[in-house]
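Presented below is the structure to which this report refers.
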Amino acid sequence: MIPYGRQEITQADIDAVVGVLQSDFLTQGPMVPRFERDVAKHVGAEHALAVNSATSALHIACLALGLGPGDRLWTTPITFVASANCGLYCGAEVDFVDIDPHTYNLCPQALERKLEQAEREGRLPKVVVPVHLCGQPCDMQAIRALAQRYGFKVIEDASHAIGGKYQGEFIGNCRYSDITVFSFHPVKIITTAEGGMALTNEAELADKMALLRSHGITRDSALMTHEADGPWYYQQIDLGFNYRMTELQAALGVSQMERLDQYVARRHQLAERYNDLLAGLPVTTPWQHSDSYSGLHLYVIRLQLDKLQKSHRQVFESLREQGIGVNLHYIPVHTQPYYQRMGFKQGDYPQAESYYSEAISLPMFQTMSEEQQDTVIAALRKAVDA
Numbered sequence: 001m002i003p004y005g006r007q008e009i010t011q012a013d014i015d016a017v018v019g020v021l022q023s024d025f026l027t028q029g030p031m032v033p034r035f036e037r038d039v040a041k042h043v044g045a046e047h048a049l050a051v052n053s054a055t056s057a058l059h060i061a062c063l064a065l066g067l068g069p070g071d072r073l074w075t076t077p078i079t080f081v082a083s084a085n086c087g088l089y090c091g092a093e094v095d096f097v098d099i100d101p102h103t104y105n106l107c108p109q110a111l112e113r114k115l116e117q118a119e120r121e122g123r124l125p126k127v128v129v130p131v132h133l134c135g136q137p138c139d140m141q142a143i144r145a146l147a148q149r150y151g152f153k154v155i156e157d158a159s160h161a162i163g164g165k166y167q168g169e170f171i172g173n174c175r176y177s178d179i180t181v182f183s184f185h186p187v188k189i190i191t192t193a194e195g196g197m198a199l200t201n202e203a204e205l206a207d208k209m210a211l212l213r214s215h216g217i218t219r220d221s222a223l224m225t226h227e228a229d230g231p232w233y234y235q236q237i238d239l240g241f242n243y244r245m246t247e248l249q250a251a252l253g254v255s256q257m258e259r260l261d262q263y264v265a266r267r268h269q270l271a272e273r274y275n276d277l278l279a280g281l282p283v284t285t286p287w288q289h290s291d292s293y294s295g296l297h298l299y300v301i302r303l304q305l306d307k308l309q310k311s312h313r314q315v316f317e318s319l320r321e322q323g324i325g326v327n328l329h330y331i332p333v334h335t336q337p338y339y340q341r342m343g344f345k346q347g348d349y350p351q352a353e354s355y356y357s358e359a360i361s362l363p364m365f366q367t368m369s370e371e372q373q374d375t376v377i378a379a380l381r382k383a384v385d386a
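Read the sequence shown against the UniProt record's numbering and you will find it ends at 386, with the numbers running on by one and no gaps.
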């Protein structure tokens, strides 16, 4: 089976992790802050907070921005459920904005229309979470302009996008957002096994997220309610969580960061080759905006079903039967039973639902060979053949 995604673990990665195992620190030591510095420096952000998952990063990002009961978070329906669930964790309401039919990202025009209506109804969002699907950045300049006009905060869910660029600058610099979130899950561009990171240029937000990722506990006497009882003393001053990243994960991340640009460049080579090999087949290949340099976590095609005598499911199942580990990113969040119990229903976001009815994620990973890619194309030709 050729998987849709796969990590690369080199001897350098193994040596980095073994080095931590042989050190005095397995949890909170020097590697976590080093990993944070490496990522922040690479993307051009002031502060970086490593955590145990991108979901955790989204959660503490929302809390740091003050999201809570009575507030609203908006995001795209084409994303993993965590992009929406983070709002629910905070007690806020969640709503969605339909996608752009070309980029599959949250559509700025649809966002503007929804904001105009929400302003009339007194239901503006406090936080909007644009998701850089597949690694291609959203139109962040347009979204930022709307944030300034309507007063909401922006969290970039860049779980797919480390190493990508927007308008010539690395995604994660928070030029157009308050906080950006990365994921380091094994199928992502670089991995820490499990792990995530929140980046920001605002010291106050960084301090708040640092507090929240570790039980809300501080040893900073300036934050305490009274003088410390002794050198052992700490205080819990907020309700935080155990969202810390381990030294083992951070060491792996530091090692993987050395190959980040190489990985993204290889993914672009594979994508260009896919584009050429798929020419003439009844599929729509990914469209890339001229402002973007995608991280290319995923390579998603859309079936041109009006030119096929097979269904979406039949093509998908044929590929799986031929040993191609295709996947589908994503099932629209508003169609999940949990969200339908909130009142969302089929037909609410037609562009997202149209995308879902046609999309297939083909294998894309940095160690993929041209022979494997040829195997994928041969299987797809067979799968769409009437």
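All C-beta atoms in this analysis are idealised placements derived from N, C-alpha and C, irrespective of residue type, glycine included.
Please read all numbers here as calculations on a predicted model, not as lab measurements.
In this structure, the straight-line span from the alpha carbon of residue 285 to that of residue 301 is close to 5 Å. Counting only runs of 3+ residues, the beta strand (DSSP E) found wholly inside the segment 127-205 occupies 127-129, 153-157, 179-183, 196-200, in chain order. Closest in C-alpha terms to residue 365, from the list 264, 252, 125, comes 264. Residue pairing by DSSP puts residue 95 in a beta bridge opposite 74.
Per DSSP, reduced to three states, the secondary structure at residue 33 is helical.
For residue 267, there is no enclosing beta strand (DSSP E); the enclosing alpha helix (DSSP H) covers residues 260-277.
When DSSP assignments are scanned along the segment 328-366, the uninterrupted stretches of alpha helix (DSSP H) that are 4 or more residues long and fall wholly within it turn out to be 337-340, 350-356. Inter-residue distance for residue 160 and residue 205 is about 23 Å (C-alpha atoms, whole angstroms).
Closest in alpha carbon position to residue 350, among 164, 153, 101, is 101. Out of 145, 190, 243, the CA that lies nearest to the CA of residue 115 is found in 145. Beta-bridge annotation (DSSP): residue 3 is paired with 325. The continuous beta strand (DSSP E) containing residue 49 extends over residues 47-51.
Note that the C-beta distance between residue 195 and residue 217 is not below 8 Å. Residue nearest to residue 297 within the set 202, 371, 132, 359 is 132 (criterion: CA-CA distance). Just so you know, the alpha carbons of residue 66 and residue 24 end up roughly 37 Å apart.
Put simply, of 323, 255, 238 the residue whose alpha carbon is nearest the alpha carbon of residue 190 is 255.
Taken through DSSP and simplified to helix, strand or coil, residue 284 comes out as strand. Here DSSP, grouped into helix, strand and coil, assigns residue 235 to strand.
One thing to note: residue 316 has its Cβ no nearer than 8 Å to the Cβ of residue 377.
Going by DSSP, residue 17 is part of the alpha helix (DSSP H) stretching over 11-21.
If the five residues before and after residue 307 are omitted, its C-beta is found closer than 6 Å to the C-beta atoms of 282, all from its own chain and listed in chain order. The Cβ-Cβ distance between residue 245 and residue 60 does not fall below 8 Å. Assigned with DSSP and collapsed to three states, residue 311 falls in coil, not helix or strand.
Secondary structure of residue 243 (DSSP, three-state): coil.
For residue 165, the CB contacts under 8 Å within the same chain, skipping 5 residues up- and downstream, are 137, 171, 292, 293 in chain order. Taking all protein chains shown into account, residue 77 has 16 or more neighbouring C-beta atoms within 10 Å of its C-beta and is therefore buried. Assigned with DSSP and collapsed to three states, residue 89 falls in helix. Taken through DSSP and simplified to helix, strand or coil, residue 113 comes out as helix. When the five nearest sequence neighbours on each side are left out, the beta carbons in the same chain lying within less than 7 Å of the beta carbon of residue 267 are those of 296, 364, 366, in order along the chain. Judged by pairs of C-beta atoms under 8 Å, the segment 141-157 touches the segment 119-132, as three or more such pairs exist. DSSP places residue 103 in the coil class of the three-state scheme, outside both helix and strand. In this chain, residue 302 is not harboured by any alpha helix (DSSP H); it is covered by the beta strand (DSSP E) spanning 299-303. A residue is called buried when at least 16 other Cβ atoms come within 10 angstroms of its Cβ; residue 342 does not meet this threshold and is exposed. The DSSP-derived three-state label of residue 55 is helix. In this structure, the alpha-carbon of residue 247 lies about 38 Å from that of residue 97.
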